[in-house]
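Q: In full-length UniProt numbering, the protein residues as written are 1 to 1071. Glycine is no exception: its CB is placed at the ideal position from the N, C-alpha and C atoms.
1) For residue 458, count the other beta carbons within 10 Å of its own beta carbon; 16 or more makes it buried, fewer makes it exposed. Which is it?
2) Give me the Cβ distance between residue 578 and residue 614, rounded to the nearest whole Å; I'm assuming they're in contact under 8 angstroms.
3) Can you have a look at residue 446 and say buried or exposed, based on whether 16 or more other CB atoms are within 10 angstroms of its CB?
4) With DSSP run on the structure shown, which of helix, strand or coil describes residue 138?
5) Counting only runs that start and end within the region 806-871, where is the alpha helix (DSSP H) found for 4 or more residues in a row?
6) Under 8 angstroms by Cβ, that's how I've got residue 512 and residue 448 pegged, so tell me the actual separation to the nearest angstrom.
7) Leaving out the 5 sequence neighbours to the left and right, which residues in its chain are closer than 6 angstroms to residue 407 when beta-carbon positions are compared?
8) In this structure, does DSSP put residue 955 in helix, strand or coil?
9) Going along the chain, which residues of its own chain have a beta-carbon closer than 7 angstroms to the beta-carbon of residue 476, five neighbours each way excluded?
10) Could you have a look at residue 1028 and say whether DSSP puts it in helix, strand or coil?
11) Does the beta-carbon of residue 735 have 16 or more other beta-carbons within 10 angstroms, so that it is buried, or is it exposed?
12) Would you please state the rounded distance, in angstroms, between the beta carbons of residue 294 and residue 272? I believe it to be under 8 angstroms.
13) Under three-state DSSP, which class holds residue 1061?
14) Within 10 angstroms of its Cβ, does residue 118 collect 16 or more other Cβ (buried), or is it exposed?
15) Which one or two residues does DSSP pair with residue 619 in a beta bridge?
16) Report the CB separation of residue 908 from residue 950 in whole angstroms; it is logged as a contact under 8 angstroms.
17) Tell me the DSSP secondary structure of residue 87 in three-state form.
18) Take residue 999 as the anchor and find which of 1021, 1027, 955, 451 has the nearest alpha-carbon.
19) Would you kindly report the start and end of the unbroken beta strand (DSSP E) that includes residue 171?
20) Spatial neighbours of residue 351 within its chain, please: CB distance less than 6 angstroms, with the 5 preceding and 5 following residues excluded, ordered by chain position.
21) Identify whether residue 247 lies in helix, strand or coil by the three-state DSSP scheme.
22) For residue 393, which of helix, strand or coil comes out of DSSP?
23) Which whole runs of the beta strand (DSSP E) in the region 261-318 are 3 residues long or more, in chain order?
24) When you compare only the Cα positions, how much space is there between residue 751 and residue 730?
25) Any contact of the region 610-627 with the region 552-570, i.e. 3+ C-beta pairs under 8 angstroms?
26) Among 825, 920, 128, 137, which one has its Cα closest to the Cα of residue 143?
27) Give me the DSSP bridge partner(s) of residue 1090.
28) Return helix, strand or coil for residue 116, following the three-state DSSP convention.
29) For residue 598, which residues from the same chain have a beta carbon less than 8 angstroms from its beta carbon, with the 5 sequence-adjacent residues on both sides left out?
30) At which residue ranges does the region 733-795 contain complete alpha helix (DSSP H) runs of 4 or more residues, listed in the order of the chain?
31) Taking the straight line between their C-alpha atoms, what separation do you get for residue 248 and residue 138?
32) Looking at the secondary structure, which residues open and close the alpha helix (DSSP H) in which residue 105 lies?
33) For residue 57, does the three-state DSSP call read helix, strand or coil?
34) How many Å lie between residue 801 and residue 840 at the Cα?
35) Find the nearest neighbour of residue 1039 within the set 523, 20, 991, judged by alpha-carbon distance.
36) Secondary structure at residue 109, three-state DSSP: helix, strand or coil?
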């Protein structure tokens, strides 16, 4: 068994020199080198080297057997059920349950059995486990459980942890070759024969084959000196890295990709990326190996070619996975301690992937899609300048470019290798660009690239160096901001006079593929918290205040909105992520000072700030950021909060485009096609954010008339969408009329003002919510008071269509509920009613067709107004109104007790009507019957006047016969003059006006019969016979009707004799 383990440090006696040196050799040297270096190694020394060669940390074992990082807490129990199923947790369970047995270490080989206890569904399982190791890394594992996974199985974990935790209980033997060396010939023969006997079924064929080869003089086995020993450790040429099942990595990634983001596969792939980052942090070379395997599978995803072919874009989640892939490669190639040959190998790989035509582009578009945004030149012109076409930048381009970066710069080395504090400075101010006024080092490099260095340092397990570089970058950003401010102040008049804006950054930091601001923020907050012993960045400053200031500088940077949907969505998403991180920070006095300082700088920094006075038309808007600043500053400096929010309200991309001679656009940014509408795919989201900012200000300004007025003006000037203004009006109304307090009249007026603006904006454009808007406005005006209602009625023509004004506005104003709601006295009621009637008459004049009836209804209680409305109807009847509208008003007049007016309008309606022979289901038939009944009830003269109109307008025989029948049933005027019962008698069909109606009806039947017979099919014969029967009834009403009908039938038989079957039916029925 093993010699007694070395005593732990601090236990009284120091560690032996043998153990110290054996441990160092075991960590760094392959055993072959040790053997080559020394002719004979004493057995105790060999034992100590073999003993110390097994990994001593559980962290790596955890890393290779679970998704989560174990760290120091590997022994703690998992919180979730998922965690308890991880191989690492299960392995600990098996170890602690005493399931590990027969543990033997032979040289650099560990073996043992692990018993998996029986469960309700599975019998007990005993697994044979073996582990090879070298220089404190497990280099190979085998287990009879047959586990297929990226991670080590629980049995390998149990055996490995047994060796880590209980080394004194493990039997240790030297490599088997050392033991064999000490045997004589007889012992060796006995050893081999016994070995073959114990395992004869498995090894006998192999033993015979080897014996044959050894006996043959020229065999390959005899050409090599010595023999292999699986327990003897690594050779000089062996790569020293932890065991990683490459085949399983590829298989798992392929499966996850094939699931297309379903079943949590996206989450699984993100966990694999986290595993790569974890490996990098442990400086484990498998990180790059694993990422290479993952990337190969991603590049082989068949969907890439399919999407490319179909011209569709990949899903957002999948796109984010590609982004992470690119960022990880950037980290790998920026490893500060990687060897040049390793970097060259990665560069070749990256270029190979980059050259594949389906390789995704950095901005989220597939090759060819939106290549030339402006369409100014034909796509296929070979001479297109490069500036017009989208550069081919794939997700790997930045990593390829980063291969050219190095870490040898002496100033960079100085930054990352030493802690800097305010009282210390190693230079003598010769080069002020390298240090700030306090003597702190600065680092001038393209900001995203510099931040990629920080990310690489953190990722590769150099947190202290990452933090130092992050501080230098932030100090550089702050100094740059100060210089820009000074420059703007000195050139302010000239710049403002010309109105020239220049965007210093075509490439913004927020939404950038490398997420520079997010990297700085997390480095300063997370790494800063872990390394709080490091000198603080400056007196009175904390890492948190630096982080917050960095986020504010980044979010406030004026930057151009990138092209493409994905890039634009990324800007929004990244901004929201940063703001979410900021919202988690509790603001103390020092952080509030940072906020105030940055808010003032951003307001004054001119074209360098998104909140400056000069803004480029296509700059990323600041609404979301300003809303956060506003709510953070409001309790402490309200004036500054409102300044920021009001400045941020603008959205110049929606303003009318600049004239060609205008200098409001920077010369180096003018689009190829002037005044092209920018492709802002996220515009609706941006407008919503603008609306949110305005709503936040309205809420905060409640009760302050001056501020409310300012906010109102800003909304009216900057918000261009009627639906958003309507939402703000509704928000203001809700805030103003909260149940627990009296209405805020100033805010109510703001709400009304916004509502009126919406009315004006949507008056001449189609809006599906228009009716809702009109109703809401009347409600709002009612809350404001009687003067508001009066005002909207007097100015109705600028706000409403005539129909809306009469059917919704005036009708609601005149309703009882409004009178009760406003507690109106008689005088006020009369004034409102007068305004409503005036409005009604004006609307009736403007649109009599749609408003006349509403006008009459509204004017019922005022005789003069009612007469005026009636006159408007009569004037419009001749020209502008159709029969339906006139009949409706006529019926209304009868209902109101004006039968003569109703009759007058009905006769006017009849002149507009035309019913042809086959329109026997026309909707106007009931109106015609009603009009005839009304005329009949008024008297013989009225009926006599209406019948010629009926004869002229109606050609449908069944309708005419119906009217005729009704007119013969009672005496005209009898309904109206029922008191004089005996004064009248039935009208004669032989005299006018009924004779005229009878002739017209008979004529209509004859014409209809001929029309129907020209194209009649046999299935309509019986229906036609019934029609002729009805015709006969009408014919017989005339005194010579019988003769007329007989002649008519004979005539039919003669003309249509070809229709034999039909004529036979006619003969059967009518002779």
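A: Taking the geometry as given:
1) Here residue 458 is buried, its C-beta having at least 16 other C-beta atoms within 10 Å.
2) Taking C-beta atoms under 8 angstroms as the contact rule, residue 578 and residue 614 fail to qualify, at a distance of about 24 angstroms.
3) Residue 446 is exposed by the Cβ-count criterion.
4) The answer is strand: DSSP assigns residue 138 an E or B state.
5) Those alpha helix (DSSP H) runs which fall completely within the region 806-871 and span 4+ residues are 816-822, 826-846, 848-858.
6) Sure, about 5 angstroms apart at Cβ, within 8 angstroms.
7) The beta carbon of residue 407 lies closer than 6 angstroms to those of 336 in the same chain, with the five residues before and after it left out.
8) The DSSP-derived three-state label of residue 955 is coil.
9) When the five nearest sequence neighbours on each side are left out, the beta carbons in the same chain lying within less than 7 angstroms of the beta carbon of residue 476 are those of 442, 443, 444, in order along the chain.
10) Residue 1028: helix per DSSP, three-state reduction.
11) Residue 735 counts as buried, since no fewer than 16 other beta carbons sit within 10 angstroms of its beta carbon.
12) Yes, residue 294 and residue 272 are in contact; Cβ-Cβ is about 6 angstroms, under 8 angstroms.
13) Collapsing the DSSP output to three states places residue 1061 in a helix.
14) Label assigned to residue 118: exposed.
15) Partner(s): 560.
16) Not confirmed; about 14 angstroms, so no contact.
17) Three-state result, residue 87: helix.
18) When the alpha-carbon of residue 999 is set against those of 1021, 1027, 955, 451, the nearest one is in 955.
19) If you look at residue 171, you'll find it in the beta strand (DSSP E) that goes 171-173.
20) None.
21) Look at residue 247 here: in three-state DSSP terms it is helix.
22) Coil at residue 393, not helix or strand.
23) Scanning the region 261-318 for uninterrupted beta strand (DSSP E) segments of 3 residues or longer gives nothing; none is fully contained.
24) Each residue's alpha carbon lies about 7 angstroms from the other.
25) Yes, since at least three Cβ pairs between the region 610-627 and the region 552-570 fall closer than 8 angstroms, the two stretches touch.
26) Comparing Cα-Cα distances from residue 143 to each of 825, 920, 128, 137, the minimum goes to 128.
27) What is shown of the chain runs 1 to 1071, which leaves residue 1090 out entirely.
28) DSSP places residue 116 in strand when its eight states are reduced to three.
29) The beta carbon of residue 598 lies closer than 8 angstroms to those of 549, 552, 553, 556 in the same chain, with the five residues before and after it left out.
30) Annotation: the region 733-795 contains the following complete segments of the alpha helix (DSSP H) (minimum length 4 residues), in chain order: 745-762, 770-784, 786-794.
31) Straight-line Cα distance between these residues: approximately 17 angstroms.
32) Counting along the chain, residue 105 falls outside any alpha helix (DSSP H), though it belongs to the beta strand (DSSP E) covering 100-106.
33) When DSSP states are grouped into helix, strand and coil, residue 57 belongs to the coil group.
34) Residue 801 and residue 840 have their C-alpha atoms roughly 12 angstroms apart.
35) Selected option, being the one with the closest Cα: 991.
36) For residue 109, the secondary structure class from DSSP, reduced to helix, strand or coil, is strand.
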